[in-house]
Every structure is written in structure tokens, then in C-alpha cells.
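The sequence shown runs 1334 to 1725 under the working numbering.
Note sheet for the following structure.
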Amino acid sequence: MNEIFLLKLGEIVLKGGNRFQFENRLKTNVSRRMRPFGDFSVRIVQSTVYIEPENENCDVDGAWEACHYIFGVVSCCRCRPCEKELDAIFETAMEYLGDDLRAAKSFKVESKRSDKRFPLNSIQLSQEIGGRIAEAVPEIEVDVHHPQYTVYVEVRDRAAYVHGPADAGAGGLPTGVGGRAMVLLSGGIDSPVAGYMIAKRGVELECVHFFSYPYTSELAKDKVLELARLMTRYCGRMTVNIVGFTEIQEAIRDNCAEEFFTLIMRRFMMMISERIANDHGCGALVTGENLGQVASQTMQAMAVTASAVELPIFQPLIGMDKEEIVTIARKIGTMETSILPYEDCCTVFTPRHPKTKPTKAQVDKACEMLDFDGLIDRAIANTELIKVRWNG
């Protein structure tokens, strides 16, 4: 039989009467992720996704790599199915895992029997197959407590499945079960991580980026689009809304007190993001804000910023320290792109002494000379929509 993949479900198994909705979404997501690699059959039985290539033209290695980035899956393993018969299970273990076994100093067999018609229980099956392996490969010893290598045998409805240790999956919930949200994506380290963390909760993402040409370069925009592309490895294809922000920032510079520049700029960002989010069916905004990290991220400053919109604002990094954020950025592959030296619009007209404990009344007064409606309307009218997807 051909090699297949078994993906084990994560917290989906804790769902109640609507569990089938989560499983159906996961099956759809897995099928879409497999499509670039050929024809694969996908089914979910007993909290496990079975993925099987339907012909020899499938890119099995490419599909296997993609399995590790699908939210809703807690572990992944490549396995070999065989007949539910002791000789077949032993022969498959030796043929499929023999090289790994011989490279180890100790081993054990761990079995699961979901097909109760199989004559041996799990312990008996492990003992039988382990004994046969020990006789066939006498140079490795049996160690049931701390083995260097574990052979797994699963007796299920259609076949027995033999595999080695599983790889970790992406975890979380299937993309799409948690609604849609708009991520304010800058070119920094934090916002891609914030988007990833919200996507892990089953949320489908769209992004908005504020671009201030000529104060920021085309390279800065390309950097953000690359960050978005890297995120799609986990969260799937998405749209990036590139909002021209130059007129707004120049208007702030020319009409407002310098200490409020950043606060007013962020107020515009929130209001524009909310307008686009509402138009595109998004139910929340997502930011990479982190309490106390910069002057605009004090408790008072964030309260003033949030007061400009009605949509909920999700801030998954709010209580994390920078090292924790960097660790996740490295894990998801965005760190090296985030630190490229192309600055985003948040660095334009940065105040020398920003207001750190503002009130809403102070900010309202500081920007009363601005034509908010006109500036926002023109910015949204000239927004560029760019579709990004993973192609690596």
C-alpha cells in the first residue's frame, strides 16, 4: 500500500454538537492545501485526517511539508497502511521503519486499537510486534520507559497503520471558523506575529498597510507584501489593502501640535481600517500593540486610539515581552524580513517628545483643524488591493 499521512485533530475534539462544522472546515482547508501537489483524497474519521495520494504523480514531499502549517492539526505523521494481521504489521514495520530502528540503541512499540474486532488488545499487540522486532534486530534493546525510537501501530477501521514518531502540527483552530479580522500590518516584527496568533484561533485574515511615498520607499511596500506572503503559509491566501497615507501625515504635520503627531496618525489608521473592515466583512481589528513598548502604547494612549472606532480591537501581544515576540517571529519565518532596513510610515514625522498620557479631549482639540472625512475618503478611494498567497 502507498504511504499516507495521518493528521491528528487538536482542540476540535473538545467541541460539542457543532464539532462537525469544525471538521468540515478543516477538511476543506486540508483539501485546498493539498491541491497544488496533486490529487489527494482527504477524509476525517475518529479525530484523524487521512490524506492519501491517488496516483504516482503527486508531490508527496511537498504535501507533507504543507501539512505542518495547517491550523487545527496538533500532530502529523507519515505512515504505511497494511492488512490488520500480525505478519503484515511486522513486515511493514521492518520494511518501512527498519533503517530508523537499526540506527537506534533502544526501542519500544506503542499500539492503539480502535477496531475492537482485532483479536489482541493494545498491550498484547505491542508485546507481539516488539518481540518479533527484537528477534529480527538483536543489536537494539527493548526499553519501554525511555526508548530512543518508538514504533507506533494503530489498528483502525480500514487498515493497520505503522509509523514512527509524529511531528508537531500548527495547533489552533481551522482557518475560517472564527470569522474575519483586519490586521494593521506594518513592516515591523510585532504585527505579523499578532496576525499569526489571531489566525491560529480560526480567524480568516485581511491586512491593511499605510504607505507614505516618497517618505517611505517601494522597497518598504515590497517588504510588507513579503511579510503578508510569509503569513499565508499558515493562514491561507489573503488581500492586502495598501492605503496612501502621505496626504494625511502632511496634514497632521502642518496643522497639529508635534507631541500629538503619533496619536492622531494612529487615530486615522484605526478609522480607515474600520471603514475597510466593515466594507469587507471583517468583525474586528488586529494590532501588534504591546503595553509600554513605545510612547503610543501606554494605557492612556491606547485608550484614546481605541475610542476612534467601534469595532473590537484584538491585541494578542499586549502582555508579552519582546523576546517572546521575537521567538514566535523566528518560528513562523517573518523575523528576517521584519528587520530589513526599510522603514514604514510610523517613522515619518516622529515627535521628539510624544505625549504619553493623553486624554481624548486633548487629542480631539489637537486635531480640530483637520478635515477627517475628506482625508479618509480620499485615502480609501485610492487604496490598492493586492492578493497574496503562499507559493514557496
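Backbone N, C-alpha and C fix where the C-beta goes; we use that ideal spot for every residue, glycine too.
As the structure is a prediction and not an experimental result, all values here were calculated from the model.
query	result
Could you tell me which of A1426, A1617 and F1594 sits nearest to I1322, measuring between CA atoms?	Any property of residue 1322 remains undetermined from this structure, which presents the chain solely from 1334 to 1725.
For S1640, does the count of other Cβ atoms within 10 angstroms reach 16, so buried, or fall short, so exposed?	exposed
Could you name the residues of the same chain whose beta carbon sits closer than 7 Å to that of V1470, not counting the 5 residues immediately before and after it, in chain order?	L1434 and R1435
Skipping 5 residues on each side, what residues in its chain have a beta carbon closer than 8 Å to that of S1447?	Q1379, E1487, V1488, R1489 and D1490
Comparing alpha-carbon positions, which option in C1615, I1522, Y1485 and F1593 lies nearest E1539?	C1615
Three-state secondary structure (DSSP) at D1654?	coil
Please name the residue in V1526, F1594, R1608 and A1699 whose C-alpha comes closest to that of A1662.	V1526
For P1687 versus A1628, is the C-beta spacing smaller than 8 Å?	yes
From M1602 to V1642, what does the alpha carbon distance come to, in whole angstroms?	10 Å
Please list the terminal residues of the continuous beta strand (DSSP E) segment that includes I1672.	Premise fails: I1672 is in no beta strand (DSSP E) and is neither H nor E.
Per DSSP, which one or two residues make a beta bridge with D1372?	DSSP, once it has assigned bridges, lists no residue as partnering D1372.
Runs of 4 residues minimum, wholly inside the region 1546 to 1580: which ones carry the alpha helix (DSSP H) assignment?	1551 to 1568
Restricting to Cα atoms, I'd like to know which of Q1633, V1557, G1569 and A1396 is closest to R1513.	G1569
Less than 8 Å between C-beta atoms, sequence neighbours within five positions excluded: which residues of the same chain meet that for C1391?	F1370, G1371, D1372 and F1373
Skipping 5 residues on each side, what residues in its chain have a beta carbon closer than 7 Å to that of E1389?	none
Residue range of the alpha helix (DSSP H) that P1525 falls in?	D1523 to A1532
Do S1444 and K1341 have their beta-carbon atoms positioned less than 8 Å apart in this structure?	no
For the alpha helix (DSSP H) that G1504 lies in, which residues bound it at each end?	No alpha helix (DSSP H) contains G1504, which is instead part of the beta strand (DSSP E) from D1500 to G1504.
Quick one: using the 10 Å Cβ neighbour count with 16 as the cut-off for buried, is V1346 buried or exposed?	exposed
Where does the unbroken alpha helix (DSSP H) through A1726 begin, and where does it stop?	What the structure shows of the chain is the stretch from 1334 to 1725, and residue 1726 is not part of that stretch, so it cannot be assessed.
State the DSSP-derived secondary structure class of F1404, mapped to helix, strand or coil.	coil
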